[in-house]
Amino acid sequence: MRNQKGGIILSDTGFIQARVYTSYAQIPLQGAAITVTAPDGTALAMRITNRSGEITPIELVTPSQETSQSPEESAAPFTTVNLRVEREGYEEIFIRNLQVFSGTVTQQDLEMIPLSEFPEDRNKSETFNTPPQNL
């Protein structure tokens with residue numbers, strides 16, 4: 019990896035852990051498909067939730083923690099990805115700009131809303147945009 023000034027950025031790893039559920043009672047949803055993509059749309063990982071509504075952690079390459087310690091660095095100290103959750107009978111969830119930091123687990127709790135029985139409501143989705151951290 020290289021920063022905007024052409025210098026080398028050390029890389030490390032971070033993780034995404036997701037839990038998918040429905041209702042305020044947080045009932046786990048098995049069989050939800052979670053897809054992680056790069057900002058350019060390149061697929062990075064896909065997981066299916068288990069009966070607890072959880073996935074195995076997704077490991078991603080991130081900038082090293084050391085990179086964020088230098089005020090001269092103009093590169094963000096995190097990797098940005100998009101996350102999509104789909105399950106039949108529920109509104110789709112799309113999260114833009116999810117930030118994954120080196121050496122940490124980004125825990126994403128995802129509440130899915132059941133679709134209406136009316137056909138015109140069957141293609142609904144929710145989109146969330148994560149603004150950059152003020153670091």
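Our numbering puts the first residue of the sequence shown at 19, with every later residue one more than the last.
Ideal Cβ positions, reconstructed from N, Cα and C, are used throughout, including at glycine.
Being a predicted model, the structure only gives us computed values, none of them experimental.
- Where Ser29 is concerned, the enclosing beta strand (DSSP E) starts and stops at Ser29 to Thr40.
- Counting only residues of its own chain and dropping the five nearest sequence neighbours on each side, Leu116 has a CB closer than 6 angstroms to the CB of Val99, Leu101 and Thr148.
- With 16 or more other CB atoms across the displayed protein chains lying within 10 angstroms of its CB, Met130 is buried.
- Judged by DSSP secondary structure, Ala63 falls within the beta strand (DSSP E) whose first and last residues are Ala61 to Ile66.
- The alpha-carbon of Thr60 is positioned some 10 angstroms away from that of Thr53.
- Among the bridge pairs identified by DSSP, Glu72 is matched with Arg37.
- Secondary structure of Gln44 (DSSP, three-state): coil.
- Rounded to whole angstroms, Val79 and Met64 show a C-alpha spacing of 16 angstroms.
- Distances from the CA of Ser120 to each of Ser41, Ala50 and Ile76 were compared; the closest alpha carbon is that of Ile76.
- Between Val123 and Gln35 the beta-carbon gap is near 5 angstroms, inside 8 angstroms, which marks them as a contact.
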